[in-house]
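These notes concern the structure reproduced below.
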Amino acid sequence: MSDAFIYDAVRSPRGKGRPDGSLHELTAVALSAKVLNAVKERNGLEGHAVEDVIWGNVTQGGEQGGCLARSAVLASDLDERIPGLAINRFCASGMEAVNLAANQVKAGAGHAYIAGGVEMMGRVAMGSDGAAIAVDPGLAMKTYFVPQGISADIIATEYGFTRDDADALAVESQRRAVQAWAEGRFAKSVLTIKDQNGLTILDRDEYIRPGTDMQTLGALKPAFKDMGESMPGFDKVAL
């Protein structure tokens, strides 16, 4: 079995997933194409240099429907003969794309792959694909399905996480992010995204908020106040 290595890693800045986010004017295909072009240019890829482009995304409908990976290849400057594979493992879709590419290399199916993911939630809203896990009453009842925000509250209550615990972690996360940007730790891995006129749209993660502290987070209203412990400053998925 062959060893698999990550040869390069690059991404766009993370924009706010809503209509006023800086990346809202770009479709998932357009943003993916910019990242693929960067991979091509940074590594001097010519011709059928990779076996496949494996791309993860959750809401596979509308602009993100069809085989988004193949659409992104065609929209990019990569050789049009390179195929594309779109996969969905919910929030782990991009990570699973990388795992799948690594497994293909280790199994000898190919020597090089491009793997990653995209989600433009400001344009294609979560749940807009009508996913059965959320909207099919029979399946929802069988699995006791609840939305992530409510489930985060339930988990916090079950394991004794307080609002202050979560806010403190959010403050520390923001502090580290600000420090990392100041130290240039993302200089080689984050693209500057420009529009068709060459003007910069976004060059750093939009969710980094310098000056975040316990007082500012404590002033935020609970998102699910009827449930008790809710954490508006903390990424609920992380719990």
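Count along the sequence shown starting at 1, add 488, and that's the number in our numbering.
Heads up, the beta-carbon is just placed ideally off N, CA and C, and yes, glycines get one too.
By the DSSP assignment, the alpha helix (DSSP H) with residue i in it spans what residues?
i       : result
Ala-580 : No alpha helix (DSSP H) holds Ala-580; DSSP gives it neither H nor E.
Leu-519 : 516 to 531
Lys-666 : Lys is not the amino acid found at residue 666; the sequence shown has Val there. Taken as a continuous stretch (DSSP letters only), the alpha helix (DSSP H) holding Val-666 covers 651 to 670.
Thr-704 : 702 to 706
Asp-641 : 636 to 647
Leu-562 : 556 to 563
Could you give the distance in angstroms between the alpha-carbon of residue i and the alpha-carbon of residue j?
i       : j       : result
Asp-508 : Thr-631 : 35 Å
Asp-723 : Gly-618 : For Asp-723, the predicted model reports a pLDDT of 47, less than 50, meaning its position is unreliable and no value from the coordinates is stated.
Met-629 : Ser-639 : 15 Å
Trp-669 : Val-527 : 22 Å
Met-715 : Arg-673 : Since pLDDT at Met-715 reaches only 49, below the 50 mark, its modelled position is unreliable, and the value read off the structure follows with that caveat. Straight-line Cα distance between these residues: approximately 39 Å.
Gln-548 : Phe-633 : 20 Å
Ser-718 : Asp-641 : Confidence in Ser-718 is poor, its pLDDT being 48 and thus under 50, which makes the residue's placement too unreliable to answer from.
Ala-590 : Gln-667 : 32 Å
Cys-579 : Gly-535 : 32 Å
Ala-711 : Asp-624 : 25 Å
Ala-644 : Met-702 : 18 Å
Gly-615 : Leu-519 : 21 Å
Leu-727 : Ser-661 : Summary for Leu-727: the model assigns pLDDT 36, below 50, so the residue's position carries little reliability, and this model does not support an answer.
Glu-568 : Pro-698 : 42 Å
Phe-493 : Gly-554 : 29 Å
Val-725 : Val-541 : Note that Val-725 has pLDDT 39, beneath the 50 cutoff, so the model's placement of it is unreliable and no number is given.
Asp-652 : Leu-708 : 12 Å
Ala-620 : Arg-506 : 24 Å
Ile-602 : Arg-577 : 18 Å
Glu-646 : Gly-637 : 14 Å
Ala-597 : Arg-663 : 43 Å
Thr-650 : Ser-500 : 33 Å
Ala-537 : Ala-613 : 34 Å
Asn-685 : Gly-648 : 51 Å
Leu-533 : Leu-687 : 26 Å
Asn-587 : Lys-504 : 27 Å
Gln-592 : Glu-539 : 10 Å
Between the options, which lies nearest to residue i when the distance is taken from Cα to Cα?
i       : options                               : result
Asp-496 : Ala-600, Ala-516, Gly-699 and Ile-570 : Ala-600
Gln-552 : Met-609, Leu-687, Ala-665 and Val-623 : Met-609
Leu-657 : Thr-700, Lys-504 and Glu-646          : Thr-700
Ala-665 : Val-538, Ile-696 and Ala-707          : Ile-696
Arg-530 : Asn-587, Lys-504, Gly-686 and Lys-676 : Lys-676
Do residue j and residue i have their beta-carbon atoms positioned less than 9 Å apart in this structure?
i       : j       : result
Val-678 : Glu-607 : no
Thr-515 : Arg-611 : yes
Trp-543 : Ala-595 : no
Ile-689 : Ser-490 : no
Ile-575 : Val-561 : no
Ser-559 : Val-517 : yes
Ala-622 : Pro-635 : yes
Closer than 8 Å to a non-hydrogen atom of the ligand ATP - does that hold for the CB of residue i?
i       : result
Arg-663 : Annotation note on the ligand ATP: not contained in the displayed structure, which lists no ligands.
List the whole-angstrom C-beta distance separating residue i from residue j, where the pair is believed to meet the contact cut-off of C-beta under 8 Å.
i       : j       : result
Leu-524 : Leu-566 : 6 Å
Leu-705 : Val-659 : 7 Å
Arg-502 : Glu-694 : 6 Å
Gly-605 : Gly-582 : 3 Å
Asp-691 : Glu-513 : Asp-691 to Glu-513, Cβ: 15 Å. No contact.
Ala-563 : Ala-521 : 4 Å
Determine the extent of the beta strand (DSSP E) in which residue i is found, giving its start and end residues.
i       : result
Ala-603 : 601 to 605
Thr-631 : That residue, Thr-631, is in no beta strand (DSSP E); its alpha helix (DSSP H) goes 625 to 631.
Ile-542 : 540 to 544
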